[in-house]
Amino acid sequence: MVLKLENVTKKFGNHTAVNHLTLSIPEKQMFGLLGANGAGKTTTFRMILGILRADEGTITWHGQRIDHSMSPDIGYLPEERGLYPKLKVSEQIVYLARLRKMQPKDALKQLDIWLDRFKIAEYKHKKVEELSKGNQQKIQFIAAVIHKPKLLILDEPFSGLDPVNVEMLKKAVIDLKNEGTSIVFSSHRMEHVEELCENLCILHKGNPVVQGSLKEIKRSFGKKNLIIHADFDLSFLASHPGVTRSKLTAEGIELQIESETVAEKILQSVVNKGFVRKFVLDEPTLNDIFIEKVGAEHE
Ligand code: ATP
Numbered sequence: 001m002v003l004k005l006e007n008v009t010k011k012f013g014n015h016t017a018v019n020h021l022t023l024s025i026p027e028k029q030m031f032g033l034l035g036a037n038g039a040g041k042t043t044t045f046r047m048i049l050g051i052l053r054a055d056e057g058t059i060t061w062h063g064q065r066i067d068h069s070m071s072p073d074i075g076y077l078p079e080e081r082g083l084y085p086k087l088k089v090s091e092q093i094v095y096l097a098r099l100r101k102m103q104p105k106d107a108l109k110q111l112d113i114w115l116d117r118f119k120i121a122e123y124k125h126k127k128v129e130e131l132s133k134g135n136q137q138k139i140q141f142i143a144a145v146i147h148k149p150k151l152l153i154l155d156e157p158f159s160g161l162d163p164v165n166v167e168m169l170k171k172a173v174i175d176l177k178n179e180g181t182s183i184v185f186s187s188h189r190m191e192h193v194e195e196l197c198e199n200l201c202i203l204h205k206g207n208p209v210v211q212g213s214l215k216e217i218k219r220s221f222g223k224k225n226l227i228i229h230a231d232f233d234l235s236f237l238a239s240h241p242g243v244t245r246s247k248l249t250a251e252g253i254e255l256q257i258e259s260e261t262v263a264e265k266i267l268q269s270v271v272n273k274g275f276v277r278k279f280v281l282d283e284p285t286l287n288d289i290f291i292e293k294v295g296a297e298h299e
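Using the working numbering, read the sequence shown as starting at 1 and increasing by one per residue.
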């Protein structure tokens, strides 16, 4: 384990933003931090980075408390995108890279590689304010990774991007992971977390409510999804014992069920009624788990 949070608490006045959070974030993997708005994700990141002080608990990186001397090892894409609108892209990157102890000529060399990769080479000498929001975000992502950090913290990296740019950034993040970067990121998009993360934590009002490996979290959730398409009315299944949720669809029904045994019973109750075109038992999605653990408070 490379990044460790032990019993970390942060209060703002009498509001507890993060409550006794203990997390072990493995090296060279992608770790997802999830939670509804206000759950405490950004506050956690700021404490990891030393921008905010934890009221209680300890945060260590390779066994050492994080301090300013580690800044060349760390990259951060903040949630509030903060570039200087009047600076040119190249000036901006050189300035930010110098804060990470990188030489300007090395920064410019890396910048060219990244601008090419993100297909925005023509913006190198443009002022930030002349770029679209999505392209500004790509620049800020470049600023977070240009010095090849060992630990990369990304707060909502894909928000506000079109689908093509989401894929482009995702690919960049996956490549960085494969090159050995340890990545922690927050997202409200469950499918991104499902696709990218081996391990994750769901925060709810500052408390960790689910954490561990994605596989294990899905397995221990117990409930499964059952999709049935048939040429007859399936609405009677909504009240079948062991069904916890149901949704009629154009082709049939989607059910959430308590266990596999329920699926067997349902199969028996449908086979004699007519032609069944599809009967699929699926793992729960991360979205199912999130909704159950965090509930209606999620937007
Ligand atoms: P979102 O998904 O909306 O970005 P988040 O999970 O990142 O949310 P945080 O920004 O960490 O949530 O906020 C956690 C809680 O702490 C919120 O209730 C927020 O209002 C409060 N909070 C955060 N920063 C401050 C601050 N500087 N002063 C007072 N309260 C704060």
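The C-beta atom is built at its ideal place from N, Cα and C for all residues, glycine as well.
Query, Result
"Looking at the secondary structure, which residues open and close the beta strand (DSSP E) in which Phe185 lies?", "182 to 186"
"Between Ile266 and the rest of its own chain, which residues show a CB-CB distance below 7 Å, the 5 nearest in sequence each way excluded?", "Leu226, Leu237, His240"
"When you compare only the Cα positions, how much space is there between Leu154 and Ala121?", "23 Å"
"Suppose contacts are defined by Cβ-Cβ distances below 8 Å. Is Thr22 in contact with Gly206 by that definition?", "no"
"Would you check whether the ligand ATP has a heavy atom nearer than 7 Å to the C-beta of Asn37?", "yes"
"In angstroms with no decimal places, state the Cα-to-Cα distance between Lys126 and Val164.", "22 Å"
"Only counting the same chain, and skipping five residues up and downstream in sequence, which positions put a Cβ closer than 8 Å to that of Asp162?", "Gly134"
"Given Thr181, which residues of its chain have a CB within under 6 Å of its CB, disregarding the five upstream and five downstream residues?", "Leu152"
"I'd like the span of the alpha helix (DSSP H) that includes Asn199, first residue to last.", "Run containing Asn199: none in the alpha helix (DSSP H); it sits in the beta strand (DSSP E), 199 to 204."
"Does the structure place the region 70 to 81 close enough to the region 109 to 118 that three or more beta carbon pairs sit under 8 Å?", "no"
"Tell me Ala230's beta-bridge partners as DSSP assigns them.", "Val276"
"How many Å lie between His147 and Lys109 at the Cα?", "11 Å"
"Buried or exposed: where does Asp288 fall if 16 or more other Cβ atoms within 10 Å of its Cβ makes it buried?", "buried"
"Taking Cys201 as the reference, which of Ser186, Glu191, Ile93 has the closest Cα?", "Ser186"
"Look at the alpha carbon of Lys293 and the alpha carbon of Lys101, and state the distance between them as a whole number of angstroms.", "42 Å"
"Helix, strand or coil for Tyr76? Go by DSSP, reduced to three states.", "strand"
"For Gly252, is the classification buried or exposed, using 16 other Cβ atoms within 10 angstroms of its Cβ as the cut-off for buried?", "buried"
"If Leu49 and Tyr76 are in contact, beta carbons under 8 Å, what's the gap, nearest whole angstrom?", "6 Å"
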